[in-house]
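Presented below is the structure to which this report refers.
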């Protein structure tokens, strides 16, 4: 970790980052940065270290009603479905179709009922909305209508943040109510790998603190394509780039919390295509979380992805392995693990429901094994050996059966005979039923109807009112 | 770990183990053990500690031709399909039927071609053979005919070991040839939880060293049923019981290598049924490996199981998560991870093929990330930033593309469009094809035909000769 850190600082100090936006350059040059002969902004290592030190070690993603506030610090782990898939796998289908605004709303509603998903963002792109401004505000609305968990907003242009703030103040009741308890965040990918700032995303990241939540800075170089094929080298570059993102926020809004998103990805070098489900990806995400924890920064990684298009065994083991590694490494937010399919190109409702079940298992693992005089159970063993001969009826068993074990509600534990008698269903079949049951009934009113009317007057909202009731017949 | 160890020694010293067979009692009493008032054999802690210290820290599972010898030491990880399922899931089917000797032979042939499975045992039970002696020798023969990887043999009675040794000497060419390079091992589960020696299995474990390989001692209490519901208590009891198994071997054949198999399992306390795929199971197996490594003993755990009957997403994530945890904990042998389904009640060919693919991913993870001046890639980053702007054609990429990345051969990485054009197959479909391709063509002659003739004269072998050729039409 030390060597990756030191080399990342070498990169920032000597190679630097191209295309720094004027708002960054202005403050950076005053703080001792300079423009190199090749026009790149280079950062003295002491400045980088000061900015790391000046970033809060704890950050919060708040939920609308306070029932699901997330503290991101230390090795606390939360799960987020991630996003921006451009296609949806319909329930029961084997074809990906372009995703829509209604899909986004439906995924938000489903996330709302998933006990192990902690926050929500633009999991699918409403591909039918091509106007950027309409896209951003509709995305925000569909998300906020569907769930009151913390929502990460996306902005194609920083100018659209004002629209969103207007909407958030209305939903919260007032600007003050929102400011007292901000339940949305934003950020983006301000660096195009290798080591070049992107203009629009830089501006959004600089303005992200306006939402009152941590600014989420995410950097996703692809090993072998936009970063070195050597995994250690990809970590070096990813760290340098994420630090460049952190600097963007810290130099312009010193002391504002940042969610440090080191998201190195992998290219399958046979085709150059992005791959999210392999062992190398598992290692990179876990290592990224480790290094972020070495900085003690609130962090996110992309993990729990699959390259499979089918809701199948491959999807299961790729997701399971990559998720549990990132979780054990202590990533505060693990994103892209709630329905995302096919190397992030599509999203599946059934997968979201299955992933939720799997995430419960991962959270159980994170709880670990409690070792106390009582749990060591010497006297319980003695009782049983000299007594009943089995533990099924022992008071300890009765006492712990509800707390020591997590009972899956979707995963099948029947005997083969019972399973066959019940129709030999696989978990996708069961997830399909649960998805339909939730989505045909859970039409939450997270936005007050009176406020909703105002929003519809003020913004070009395209989510049909009739799509937001059980009578829509969609499910 | 210290506390679990100390409490396990308390259990052995004070509560002890019931039903010690005379061959054990005889030596144990001379070494300072005694029979307690309740008739149980109790072990002084210094004796237990001496026996742990006297057990070799390195053990080998050898393969027939020396091409796949396994060194079990430190944190080296190997994978074994495990066993003894009583039913088989036919390729493409959704019904479990009683498993047969031909199934066992077919699973052995399939294992023979699985590059990430390291050894083989009685993965399914030939349920049609009810005579114990015929069962044991036929099981040995079907396994040895199907694969030349290391084979773990099972004996229902220690008297059957002589049959097997006769067979092994014939296959090896001579007793000396086998003794110089023993390629089979045995052992068993000598303790019935809680804390009671089983007679037949005790005898087999005492005689296991006769095969010239490490004696495999496996103890599988079920948390909540045959061991405490508290996971820490289950570890205490499982350690005490596995040490009781180790003592069985060490007191009767001092210094013989033992494969220390702490295999705590879980009961689903809603039904009392065994469950192998949950988070608690993942924790128990990883903890068991950690404690075995704390003793520095060659060890095995049961992990990579699933409760699913379908070759589905549940099977994938349950297996993936439990396997990678046991692997990261450094278990020398991870068993039950090559086709076993439905809480170990069935076995699936397609699953074995899929698991093999997954195990490659796990091995890639175990290799980790190499950090050197070269892999840190500072100068590569410099090259690309000031040059091509991407890494696809960089010499480092070309050099590392074959070594840094493992390319799956079964897992799908196609785009959704390409996947749909190719028929929207899931990984089970692809595994079915590969299974059929291997099993219709791979009829190895691991046993010399002249020797085979002798074996068929000498032993009541039931595997039909015609089942052992491609013309059998079975596949």
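Residue numbers (the numbering used here), protein chains in the order written: chain A, 1 to 475; chain B, 1001 to 1475. C-beta atoms are modelled at their ideal positions from N, C-alpha and C, and glycine is treated no differently.
1. If you run the structure through DSSP and keep just helix, strand and coil, what is residue 1379 of chain B?
2. I'd like to know if the segment 1290-1308 of chain B and the segment 1053-1071 of chain B are in contact, where contact means that at least 3 CB-CB pairs between them fall below 8 Å.
3. Using a Cβ-Cβ distance cut-off of 9 Å, determine whether residue 1247 of chain B contacts chain A.
4. Which residue's Cα is closest to the Cα of residue 1400 of chain B: A/26, A/178, A/229 and A/271?
5. Once you ignore the five residues that flank residue 1179 of chain B on each side, which residues in its own chain have a CB closer than 7 Å to its CB?
6. As an exercise, report each continuous alpha helix (DSSP H) stretch of at least 4 residues that is fully enclosed by the segment 1039-1087 of chain B, in chain order.
7. Which whole-angstrom value is the C-beta distance of residue 221 of chain A and residue 241 of chain A, which I expect to be below 8 Å?
8. So, helix, strand or coil for residue 1236 of chain B, using DSSP?
9. Does the structure place the segment 1277-1288 of chain B close enough to the segment 1325-1333 of chain B that three or more beta carbon pairs sit under 8 Å?
10. Can you tell me where the alpha helix (DSSP H) with residue 1359 of chain B in it begins and where it stops?
11. Would you report the Cα separation of residue 302 of chain A and residue 264 of chain A, rounded to the nearest angstrom?
12. Going by the beta-carbon positions, is the gap between residue 1120 of chain B and residue 1152 of chain B smaller than 9 Å?
13. In the structure shown, what three-state DSSP assignment does residue 1184 of chain B receive?
14. Would you grab the beta carbon distance between residue 1095 of chain B and residue 420 of chain A for me? Rounded to a whole angstrom, and I think it's under 8 Å.
15. How about the segment 233-248 of chain A and the segment 1342-1357 of chain B: do they share at least three Cβ pairs that are nearer than 8 Å?
16. Residue 47 of chain A: which of A/251, A/465 and A/291 sits nearest, CA to CA?
17. So with Cβ pairs under 9 Å, would you call residue 1405 of chain B a contact of chain A?
18. With burial defined as no fewer than 16 other Cβ atoms inside 10 Å of the residue's Cβ, what is the status of residue 1397 of chain B: buried or exposed?
19. I want to verify the contact list: residues of chain B whose CB lies under 8 Å from the CB of residue 195 of chain A, in sequence order.
20. Is it right to say residue 1029 of chain B is buried, meaning 16 or more other beta carbons lie within 10 angstroms of its own, or is it exposed?
21. Just how far apart, CA to CA, sit residue 1101 of chain B and residue 1088 of chain B?
22. Using only the alpha-carbon positions, how far apart do residue 490 of chain A and residue 79 of chain A sit?
23. May I ask you to list, following chain order, the residues of the segment 229-248 of chain A that have a beta carbon less than 9 Å from some beta carbon of chain B?
24. What does DSSP give as the partner residue(s) for residue 150 of chain A in the beta ladder?
25. Report the rounded CA-to-CA distance for residue 125 of chain A versus residue 90 of chain A, giving the unit in angstroms.
26. Please determine, among A/218, A/390 and A/188, the residue with the shortest C-alpha to C-alpha distance to residue 1223 of chain B.
27. For residue 1246 of chain B, write down the residues that DSSP places opposite it in a beta bridge.
28. Consider the Cβ of residue 83 of chain A: report whether some Cβ of chain B lies at a distance smaller than 9 Å.
29. Could you check how far apart the C-beta atoms of residue 139 of chain A and residue 168 of chain A are, in whole angstroms? I think they sit under 8 Å.
30. Which chain B residues are close to residue 390 of chain A, counting only those with a beta carbon under 8 Å from its beta carbon?
31. Provide the residue(s) that pair with residue 1340 of chain B in DSSP beta bridges, ordered along the chain.
32. With a 10 Å radius around its C-beta and 16 neighbouring C-beta atoms as the bar for buried, classify residue 7 of chain A as buried or exposed.
33. Anyone know if the C-beta pair for residue 1044 of chain B and residue 1002 of chain B falls short of 9 Å?
34. Please tell me whether residue 1411 of chain B and residue 1441 of chain B are closer than 9 Å, where the distance is taken between their beta carbons.
35. Tell me the DSSP bridge mates of residue 1223 of chain B?
36. Determine, using beta carbons only, whether residue 397 of chain A comes closer than 9 Å to chain B.
Based on what the coordinates show:
1. Position 379 of the second chain, counted from the first residue, corresponds to residue 1379 of chain B. Helix at residue 1379 of chain B.
2. yes
3. Residue 1247 of chain B sits at position 247 when you count from the first residue of the second chain. No, residue 1247 of chain B does not count as interfacial toward chain A.
4. Position 400 of the second chain holds residue 1400 of chain B. When each option's Cα is compared against that of residue 1400 of chain B, the closest is A/229.
5. Here residue 1179 of chain B corresponds to residue number 179 of the second chain, with the count starting at 1. So the qualifying residues of the chain are 1212.
6. 1045-1054
7. By one-based count along the first chain, residue 221 of chain A stands at place 221. By one-based count along the first chain, residue 241 of chain A stands at place 241. Right, their Cβ atoms sit about 7 Å apart.
8. As a first step, residue 1236 of chain B must be located in the second chain, where it is residue number 236. Residue 1236 of chain B falls in the helix class under three-state DSSP.
9. yes
10. The residue labelled residue 1359 of chain B in the question sits at position 359 within the second chain. Its alpha helix (DSSP H) spans residues 1349-1367.
11. Taking the first chain and counting its residues from 1, the one referred to as residue 302 of chain A is at position 302. Taking the first chain and counting its residues from 1, the one referred to as residue 264 of chain A is at position 264. Computed Cα separation, rounded: 8 Å.
12. Counting from one through the second chain, the residue named residue 1120 of chain B turns up at place 120. Counting from one through the second chain, the residue named residue 1152 of chain B turns up at place 152. Yes, the Cβ-Cβ distance between residue 1120 of chain B and residue 1152 of chain B is below 9 Å.
13. Position 184 of the second chain, counted from the start, is the residue given in the question as residue 1184 of chain B. Looking at residue 1184 of chain B - three-state DSSP - the assignment turns out to be strand.
14. The residue given as residue 1095 of chain B occupies position 95 in the second chain. The residue given as residue 420 of chain A occupies position 420 in the first chain. Yes, residue 1095 of chain B and residue 420 of chain A are in contact; Cβ-Cβ is about 6 Å, under 8 Å.
15. no
16. For the purposes of this step, residue 47 of chain A is identified with residue 47 of the first chain, where counting begins at 1. For residue 47 of chain A, the nearest C-alpha among the options comes from A/251.
17. As a working note, residue 1405 of chain B is residue 405 in the second chain. Yes, contact with chain A.
18. What you label residue 1397 of chain B is simply residue 397 of the second chain in a count that begins at 1. Its Cβ being crowded by 16 or more others within 10 Å, residue 1397 of chain B is buried.
19. Your numbering for residue 195 of chain A matches position 195 in the first chain. Here the neighbours are 1381 and 1385.
20. The residue you call residue 1029 of chain B lines up with position 29 of the second chain. Classification for residue 1029 of chain B: exposed.
21. Locating residue 1101 of chain B in the second chain gives position 101, where the first residue counts as 1. Locating residue 1088 of chain B in the second chain gives position 88, where the first residue counts as 1. Spanning the two alpha carbons is a distance of roughly 11 Å.
22. Residue 490 of chain A cannot be examined here, being either before or after the span of chain A that is shown, 1 to 475.
23. 229, 230, 231, 232, 233, 234, 235, 236, 237 and 240
24. The sequence position of residue 150 of chain A within the first chain is 150, counting from 1. A/119.
25. Within the first chain, the letter at position 125 stands for residue 125 of chain A. Within the first chain, the letter at position 90 stands for residue 90 of chain A. For residue 125 of chain A and residue 90 of chain A, the distance between alpha carbons rounds to 15 Å.
26. As a working mapping, residue 1223 of chain B is identified with position 223 in the second chain. That would be A/390, whose Cα lies nearest to the Cα of residue 1223 of chain B.
27. Along the second chain, one-based indexing puts residue 1246 of chain B at 246. In DSSP, residue 1246 of chain B forms no bridge with anything.
28. Indexing the first chain from 1 puts residue 83 of chain A at position 83. No, its Cβ sits nowhere closer than 9 Å to a Cβ of chain B.
29. As a first step, residue 139 of chain A must be located in the first chain, where it is residue number 139. As a first step, residue 168 of chain A must be located in the first chain, where it is residue number 168. About 13 Å separates the two Cβ atoms, so there is no contact after all.
30. Start at 1 with the first residue of the first chain, and residue 390 of chain A comes out as number 390. Chain B residues near residue 390 of chain A: 1194, 1225 and 1226.
31. As a working note, residue 1340 of chain B is residue 340 in the second chain. B/1347.
32. Along the first chain, read from residue 1 onward, the residue named residue 7 of chain A stands at position 7. Buried, by the Cβ-count rule.
33. Position 44 of the second chain, counted from the start, is the residue given in the question as residue 1044 of chain B. Position 2 of the second chain, counted from the start, is the residue given in the question as residue 1002 of chain B. No, Cβ-Cβ distance for residue 1044 of chain B and residue 1002 of chain B is not below 9 Å.
34. Position 411 of the second chain, counted from the start, is the residue given in the question as residue 1411 of chain B. Position 441 of the second chain, counted from the start, is the residue given in the question as residue 1441 of chain B. It is not a contact, given that the beta carbons lie outside the stated cut-off.
35. What you label residue 1223 of chain B is simply residue 223 of the second chain in a count that begins at 1. B/1227 and B/1266.
36. Taking the first chain and counting its residues from 1, the one referred to as residue 397 of chain A is at position 397. Taking Cβ atoms only, chain B reaches closer than 9 Å to residue 397 of chain A, which makes this a yes.
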